[in-house]
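All remarks here apply to the structure that follows.
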Amino acid sequence: VWLHLDKNTILTMANHVIPKSHRIGVTHSDHRTWYLHVRDVRETDRGWYMCQINTDPPKSQVGHLELMVPPDILDYPSSTDMVVREGTNVTLRCTAKRSPQPKVTWRREGGKSIPVGRGQDGRKFECIQNIALC
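In our numbering, the protein residues as written are 150 to 283.
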């Protein structure tokens with residue numbers, strides 16, 4: 150039996166795939182070594198898997214599947230173009246996701262990195278002064 154523990158889902162029993170999915174397959178060699186095959190791996194496949202044999206007591210082996218997913222910036226709720234009055238405050242937001250968690254770096258037009266600090270509330274901030282307006 151192969152199980153996806155994070156989803157509490159039985160994936161296979163002997164040669165039978167339980168969720169009727171073309172992405173899941175099972176093979177074996179001499180009924181001693183069983184292989185779970187996952188095609189077109191997706192983020193939802195991440196997690197703990199267990200192979201279990203039904204003996205008394207049952208025996209099992211657990212393994213974890215971790216995915217490396219390229220970073221992406223979410224259009225929402227990230228900031229787009231903003232127009233503000235001189236002397237007012239503005240908050241720009243960049244929301245990135247994927248695994249491992251991406252590092253976000255703010256840069257000016259010339260490519261110079263903008264250092265980011267943390268406020269008393271733990272939120273990241275940057276104070277930029279003397280911005281030249283065109």
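Yeah, the Cβ is synthetic: ideal placement off N, Cα and C, and Gly gets one too. Values in this document were obtained by computation on a predicted structure and should not be read as measured data.
**OP:** Answer with buried or exposed for Lys-261, where buried requires no fewer than 16 other C-beta atoms within 10 angstroms of its C-beta.
**Re:** exposed
Original post:
When burial is assigned at 16 or more other CB atoms within 10 Å of the CB, is His-153 buried or exposed?
Top reply: buried
Original post:
Grouping DSSP H, G and I as helix and E and B as strand, with all else coil, what is Val-150?
Top reply: coil
Original post:
Would Lys-246 pass as a contact of Asp-221 if the rule is Cβ separation under 9 Å?
Top reply: yes
Subject >> Presumed contact (8 Å Cβ cut-off) between Val-185 and Tyr-198, rounded CB distance >> reply: A small correction: the amino acid at residue 185 is Leu; Val does not occupy that position in the sequence shown. So it is a contact: roughly 7 Å between Cβ atoms.
Subject >> Reduced DSSP category for Thr-182 - H, G, I as helix; E, B as strand; rest coil >> reply: strand
**OP:** Go through its chain and collect everything with a Cβ distance to Arg-172's Cβ below 7 Å, but skip five positions before and after it.
**Re:** Val-187, Arg-188, Asp-189
Subject >> Reference Ala-163, options Thr-176, Lys-169, Ser-170, closest by Cα >> reply: Thr-176
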